[in-house]
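Read through the structure below, which is laid out as structure tokens, and then see the notes.
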Amino acid sequence: MESSSGSQLGKNSKTSDATSSLLLLITAIHFVALCPKGENEDARKEVNSTAQNFVHFTEEEEDIVFRMHRLVGNRWELIAGRIPGRTAEEVEKFWAIKHQAT
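Here is the structure:
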């Protein structure tokens, strides 16, 4: 379904949110990289902190997290147990980052 502004709604909105977040992060990193050393040190630290906190999940993993959260709430250990190779901390961090803007 498309709105009058041409943006897609529904299933692809998760992907566009992730893409927007990634583009914002890349832009911020690029901006800080262009700053002379010593200047804007706070901005550098903030971007580095954001980059360290960024956790990439596949669409399938995102779907599992959202469905499991609906069923069991904030039981991150239980949710992480359903996603091979993911820790409870990664799942919780992913959830927190996804819900910062909302």
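If you're matching positions, the sequence shown starts at 1 in the UniProt record's numbering and goes up one per residue.
For glycine and all other residues, C-beta sits at the position ideal for the given N, C-alpha and C.
Small disclaimer: the values here were computed from a predicted structure and weren't measured.
- F94: buried (16+ other C-beta within 10 angstroms of its C-beta) or exposed? buried
- Could you tell me if V72 is buried or exposed, where buried requires 16 or more neighbouring beta carbons within 10 angstroms of its beta carbon? exposed
- Helix, strand or coil for I83, going by three-state DSSP, please let me know. In the structure shown, I83 falls within a coil segment according to DSSP collapsed to helix, strand and coil.
- Message: Rounded to whole angstroms, what is the Cα-Cα separation between D63 and L24?
- Response: Using only the alpha carbons, I get a separation of about 23 angstroms.
- Contact check, A96 vs A88 under 8 angstroms by CB: the rounded distance? Rounded, the Cβ-Cβ distance is 12 angstroms, inconsistent with contact.
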